[in-house]
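Remarks on the structure that follows.
Protein chains in written order, with my numbering: chain W, 21 to 276; chain B, 21 to 276; chain F, 21 to 276; chain D, 21 to 276.
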């Protein structure tokens with residue numbers, strides 16, 4: 021039977037500020053990218069979110085980011101590889117401590133925002149992140165795959181380090197024929213048609229193929245689908261994708 | 021043979037700002053209270069400090085604090101017990117992640133600054149801290165004593181929770197006859213005479229007795245001596261205490 | 021003709037996190053308590069909010085707070101009076117710089133959250149805040165009233181310092197016979213009945229009287245009504261209060 | 021009579037962490053680059069530093085930086101030009117409020133660290149900074165020159181905006197024949213010989229010439245010399261430069 025993972029960003033509230041309908045999205049996805057406090061997520065929010073993930077049998081992943089609350093981790097920060105490595109390790113440990121108290125563990129890692137983009141081609145930052153995850157896996161003795169954009173140089177480094185690199189597809193984004201995302205600066209970068217999105221994701225789960233906006237068939241290794249929970253429309257979309265996949269006999273199951 | 025622990029605060033630098041001669045103090049003490057990032061200590065500093073502690077066979081303790089870098093954790097912050105509990109757990113996990121990468125573990129916890137003082141009589145905060153440490157010990161399965169001021173209500177809560185509470189004495193402070201510290205507002209609160217300090221600490225290690233400033237003998241359970249590393253004079257004092265204790269056949273050894 | 025001020029907290033977003041419908045509330049009130057970056061409000065948010073206030077002829081006030089983004093300024097922070105004084109001055113200057121660029125000025129000050137509550141009886145913090153505002157007024161040469169809870173000790177200090185202290189009433193809160201607010205821990209602390217609220221606020225504007233929950237008439241000097249903009253219901257309530265007051269011939273006008 | 025300015029970074033302490041011997045350096049320089057709280061400088065430090073500058077007749081400049089305390093403003097932060105503009109305006113206002121209370125004003129602006137380097141060629145950030153300073157000067161009606169590295173694109177933008185751009189030379193750095201600084205990665209990037217430094221700075225003040233490390237004479241428009249106060253050696257160097265200049269009849273005087 022075909023299977024695929026659904027992941028989403030959660031735990032991104034901070035103190036009095038809330039972000040996203042985590043409760044709804046945690047009933048929908050199989051993998052939860054939980055903010056670790058550097059780009060979002062205060063400890064109380066993180067603990068509540070991790071607890072809700074555990075209650076819903078959703079796998080906990082560490083959504084690591086640059087130290088930049090004011091920028092939500094979306095601004096590139098040219099820290100040194102050593103600083104980044106220590107910042108990442110600190111975040112992994114903090115979330116693991118919280119997961120442990122819930123009888124659980126971090127089961128994967130996903131870089132967030134500008135750090136996610138740095139994984140594509142910033143060799144210093146990509147190495148720092150991958151090496152830190154590999155060392156952390158070594159010290160815990162547990163598998164720790166890393167979720168990335170297809171084509172990221174960090175996927176190569178992960179392979180070299182013996183880490184599982186997992187590629188993801190974006191349910192609501194359109195693709196260029198070479199498999200890269202259409203830039204958000206272009207008008208048709210974001211998809212809004214539920215039917216089209218559902219159809220695309222079914223094809224992905226069943227045939228490992230994405231269709232570029234010019235019709236090109238793109239073979240892809242994506243094992244996970246990134247969905248959003250930050251608006252009611254986004255949650256509904258994620259739920260529609262899940263229902264359609266399940267209806268077609270595709271198992272929704274984390275890669276981790 | 022008599023034995024006693026020497027502890028000191030380390031890892032309190034932050035980014036470009038340095039604090040204390042950690043290298044020197046880590047060659048002197050048996051227990052290192054390592055800042056966890058909330059009152060001081062960026063991840064790179066924390067990792068370097070923990071690494072130095074391991075290299076010197078110094079036991080790693082988590083020096084947890086209020087979330088207040090601008091105040092160095094020395095200002096009482098009336099957060100809710102739930103917020104505090106989550107903040108403490110986050111700090112424990114973060115430091116544990118770093119220790120793990122060095123083949124080590126957090127072996128005890130010491131609250132810092134205003135949080136240390138809150139442990140004396142702030143029931144809400146004392147319960148939050150003790151309950152969090154007890155739960156964390158439970159989830160890791162490792163002993164996790166907590167280092168406190170004698171007379172702290174948190175020592176009672178620790179006993180109820182089955183945690184080892186460890187009392188400490190201050191090498192450079194004078195005592196009232198009831199065993200409390202002479203307030204810093206009084207002129208003779210801080211001791212500067214190395215000979216007197218060394219004599220006091222020898223008596224403490226060998227007879228479990230402190231001498232109050234009026235001459236009263238105070239029986240004490242202190243198993244650890246708090247020393248400082250933030251000035252050259254403080255480091256020299258700590259080294260003098262260690263030398264004198266060792267010279268008298270007292271073993272310097274962590275309680276943890 | 022009777023007149024009264026309506027004030028509300030705005031500019032409380034932070035980076036990616038939004039808070040409140042500032043655009044709607046700025047079409048409703050006469051005085052805008054703009055966050056200054058210490059409890060909420062990044063500079064870009066502050067500037068956009070101040071600009072919107074100016075566009076709506078709403079008076080700009082500095083909503084000063086403790087340095088505590090994680091707690092939204094709602095947790096008492098026992099900083100020293102000197103630290104608080106400098107923190108307040110910094111916030112006043114920052115907002116004034118932004119107002120200046122819009123051809124405007126800070127016209128009043130309102131402490132936020134836990135700092136607002138500290139003004140009631142924390143003599144050290146009340147003095148620090150009032151003295152700082154008084155000195156700032158002196159250095160700018162412009163009037164700078166301060167908005168406070170009736171009964172605050174800071175109102176006495178303001179009078180001594182030659183500052184105008186302005187008392188405010190809360191549209192949606194019920195009152196004890198002595199003029200204090202019914203604690204939020206009691207079930208009827210918050211009013212939800214628009215008709216009742218409107219009636220209360222009309223009486224306040226026309227007769228300077230509040231009715232306690234037991235029916236006692238309370239003479240009050242409140243020159244401003246605090247309303248909220250953080251939920252659609254709160255905005256609607258504020259709009260209903262404004263409409264009713266205007267319909268009754270009461271002028272909505274800032275005290276500043 | 022020849023004249024030149026000496027500038028130095030001050031106010032870079034933060035809470036419990038101290039940085040530099042500000043008291044000594046403020047007795048030496050004519051212009052004080054005071055940190056504004058984003059890369060360093062808590063409000064209490066800023067106020068004390070500005071007060072000391074005023075007491076020593078040293079001109080106050082705003083040392084603006086990226087929002088990055090953990091990185092001391094030395095890491096490039098790819099914020100949007102709008103975010104940067106608002107961050108800069110906020111910092112200018114905050115320092116101006118403090119200066120105002122001392123009967124003084126900000127008299128110039130110097131970008132710090134990574135932001136200083138961004139002024140060389142990052143068009144978006146250079147425009148954001150210059151436009152903000154130009155607008156702030158407009159709203160205050162006071163001259164507000166900006167201190168920059170020779171060759172910075174921001175100097176061109178300043179000229180276009182009608183701002184005075186001031187170039188500075190570095191007392192302790194060696195120069196390439198094209199007038200750029202020798203990279204810190206090269207062994208002879210930093211000068212340590214007091215006699216050589218003093219000779220260089222005398223030549224600069226009297227002939228507007230720097231000598232490159234290969235002996236090339238570089239005509240330069242530098243009107244200010246950047247000195248340091250972060251080590252005892254640096255302070256002594258700054259004092260030696262001042263003494264030598266004064267001994268040669270060069271007036272030490274701010275450009276602002």
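Quick reminder that beta carbons are idealized off the backbone N, C-alpha and C, glycines included.
- Between the segment 68-77 of chain W and the segment 41-51 of chain W, the count of C-beta pairs closer than 8 angstroms reaches three or more; the two stretches touch.
- Listed along the chain, the chain W residues whose CB falls inside 7 angstroms of the CB of residue 58(F) amount to none; the nearest CB is some 13 angstroms away.
- When secondary structure is reduced to three states using DSSP, residue 231(B) falls in the strand class.
- When secondary structure is reduced to three states using DSSP, residue 54(W) falls in the strand class.
- In the DSSP annotation of this structure, the continuous segment of the alpha helix (DSSP H) that includes residue 72(F) starts and ends at 63-75.
- Counting only the Cα atoms, residue 118(W) lies some 34 angstroms from residue 201(W).
- The beta-bridge partner set that DSSP reports for residue 34(F) consists of 37(F).
- Counting only Cβ-Cβ distances below 7 angstroms, residue 89(F) has contacts in chain W at 35, in chain order.
- Chain D places a beta carbon closer than 9 angstroms to that of residue 99(W), counting this residue as a contact.
- Listed along the chain, the chain F residues whose CB falls inside 8 angstroms of the CB of residue 62(W) are 90.
- Three or more Cβ pairs drawn from the segment 241-259 of chain F and the segment 184-191 of chain F lie within less than 8 angstroms of each other, which places the two stretches in contact.
- Using a 10 angstroms sphere on the CB of residue 163(W), the tally of other CB atoms stays under 16, which defines it as exposed.
- Taking C-beta atoms as the reference points, residue 59(B) and residue 94(B) count as a pair closer than 9 angstroms.
- For the segment 142-168 of chain W, the set of residues with a beta-carbon nearer than 7 angstroms to any beta-carbon of chain D is empty.
- Using a CB distance below 9 angstroms, the part of the segment 110-135 of chain B facing chain W consists of 110, 111, 112, 113, 114, 115, 116, 117, 118, 119, 120, 121, 122 and 123, ordered along the chain.
- Among the CB atoms of chain B, none fall inside 9 angstroms of the CB of residue 198(W).
- Using a Cβ-Cβ cut-off of 7 angstroms, residue 95(F) is close to 97, 98 and 99 of chain B, given in chain order.
- Residue 266(D) and residue 198(D) have their C-alpha atoms spaced approximately 29 angstroms apart.
- Taking a Cβ-Cβ threshold of 9 angstroms, none of the residues of chain F is close to residue 172(W); the smallest such distance is about 23 angstroms.
- Under the DSSP assignment, residue 247(D) falls in the beta strand (DSSP E) whose first and last residues are 244-247.
- Listed in chain order, the non-local C-beta contacts of residue 168(D) below 8 angstroms within the same chain comprise 130, 131, 136, 139, 174, 175, 178, 185, 186, 187 and 188, local neighbours out to five positions each way being set aside.
- A distance below 8 angstroms between beta-carbons, with the five flanking residues on each side excluded, links residue 269(F) to the following residues of its chain, in chain order: 21 and 22.
- By the Cβ neighbour-count rule, residue 62(D) is buried, with 16 or more other Cβ atoms within 10 Å of its own.
- Within 7 angstroms of the CB of residue 107(F), the CB atoms of chain D belong to 63, in sequence order along the chain.
- Chain-ordered, the chain W residues with CB closer than 8 angstroms to the CB of residue 102(B) read 64.
- The beta carbon of residue 233(F) sits no closer than 9 angstroms to any beta carbon of chain D.
- Partner residues in the beta bridge of residue 187(D), as assigned by DSSP, are 168(D).
- Considering only 24(F), 224(F), 208(F) and 192(F), the residue with the shortest C-alpha distance to residue 214(F) is 192(F).
- Around residue 39(F), the beta-carbon contacts reaching into chain W at under 8 angstroms are 36 and 37.
- For residue 158(D), the secondary structure class from DSSP, reduced to helix, strand or coil, is helix.
- Assignment of residue 25(F) by DSSP, reduced to helix, strand and coil, places it in the strand class.
- About 6 angstroms separates the beta carbons of residue 81(F) and residue 52(F), which is inside the 8 angstroms limit, making them a contact pair.
- Under the DSSP assignment, residue 255(W) falls outside any beta strand (DSSP E), being part of the alpha helix (DSSP H) whose first and last residues are 252-267.
- Of the candidates 222(W), 26(W), 257(W) and 194(W), 194(W) places its Cα closest to the Cα of residue 232(W).
- Bridge partners of residue 210(F) according to DSSP: 193(F).
- One alpha carbon belongs to residue 35(W), the other to residue 84(B), and they sit about 20 angstroms apart.
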